[in-house]
Every structure is written in structure tokens, then in C-alpha cells.
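This report refers to the structure that appears directly beneath it.
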Amino acid sequence: LKTAFQNRKDLKAIEQLVESESAFLSHNKLKIIPNINLTAGYKKQLDNHSGSVFQLNFEIPLFKRNQLEIEQSEADLNFLEQQKEYLIKQIGTEVQASFAKLKQYETLITNKNDLQLKNVFTSAAYSYEQGEISLVEFLDGLNAYKDGIILNKGLEIKYYQSFFELENVTALSPINENN
29 LKTAFQNRKD LKAIEQLVES ESAFLSHNKL KIIPNINLTA GYKKQLDNHS GSVFQLNFEI
89 PLFKRNQLEI EQSEADLNFL EQQKEYLIKQ IGTEVQASFA KLKQYETLIT NKNDLQLKNV
149 FTSAAYSYEQ GEISLVEFLD GLNAYKDGII LNKGLEIKYY QSFFELENVT ALSPINENN
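Quick note: the sequence shown uses the working numbering, first residue 29, plus one each step.
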């Protein structure tokens, strides 16, 4: 589960979106303070009056500036954090379900080894050779052996599929990737 949280690209992407929106909110909060510019200089007029000049510039409105953008950023940040929490829960559920499925198939495979399908075939062949069963019964035994092999291979396929599904949800790759 820890590996999935570290490796999942969708979780990394939403974490970066949360970080970006948080920075945007901080930027919007800084824009509450109006820009104030003070300029000083020397001025000479045509009527031979001269002197120092001071100029003070500030943006209006002075109060409650940028409130709409701040509220929008807070709402977006809250939405992204809720999406992140939902994604974390979803990843946890996916990993647990995939792991449970893998363990289930692993248990079935270990129990499958107890079935001894070869015994079905050898006993059917031996009984047919000895004349204890008819050709139809021998073919039934052969079909049971064939069906057992098909079920075993299907079980192995499902085991490997669940293994790759677990790798997929934990974002592990059998190939070494440097991402």
C-alpha cells in the first residue's frame, strides 16, 4: 500500500495540483495589499518656479481587495483536497482487493496440487486395460482429465492476471524503469 502511494502517477499529479492551487491561493492573499508607489523628483516649470516633487500612487479599492479570487482559490483547493482523499481511499481499496484476489488464487493453486490429475488418467487407463471399464467410460475418464488440465491452466492464468493487476495498482513494473 505504501508503495502504491509512492509510485502512483495519478496521486502524484493531484498532489502537484494541490500544491499549485495552494501557491495560487497564497499569491491571491498577497494581492490583498494594494501597491503603493512613492516617487520623488525635481521639477522646473516654465514660470521659473522649481522645487522638489513627491508623488504617492496607490491602487483602489483599499479594502476587501481580491476577495472573489481568494474565495475561488479556497474552493478549488478544498475540492482538490477532497479528490486527493478520495483517490487515496480508492487506491487503498484497489490494492487490498488485488492482494486478496492474488492470495485467493495462490491458495487455490496450492490446493490444486493435491488433486493429482495424473491419477485420474492412470487409473482410467489401467482399468480399461484390465477390462474393468468400457471404452465410453475410459473416454469419460480421459475427458475428466482433459477438463481438469484446462481448469488448472485457467487457474494459473487467473493467478498471473491477478499478479499483474496487483503490479498495476501499486504502480510497480517488472521492467526497471527510471521514472
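The beta carbon of each residue, even a glycine, is placed where N, CA and C say it ideally should be.
Inter-stretch contact at 8 angstroms, needing at least 3 Cβ pairs: the region 146–161 / the region 125–133: no
Rounded C-alpha distance that separates arginine 36 from phenylalanine 191: 17 angstroms
Three-state secondary structure (DSSP) of threonine 198: coil
Status (buried if at least 16 other CB within 10 Å, exposed otherwise) for valine 81: exposed
Separation of leucine 136 from glutamate 184, as counted between CA atoms: 9 angstroms
Span of the beta strand (DSSP E) around serine 78: 78–86
Beta-carbon spacing of alanine 152, glutamate 165 below 9 angstroms: yes
Rounded C-alpha distance that separates glutamine 158 from isoleucine 177: 25 angstroms
Collapsed DSSP secondary structure at leucine 71 in the structure displayed: One point to set straight first is that residue 71 is lysine, not leucine, in the sequence displayed. Three-state result, lysine 71: strand.
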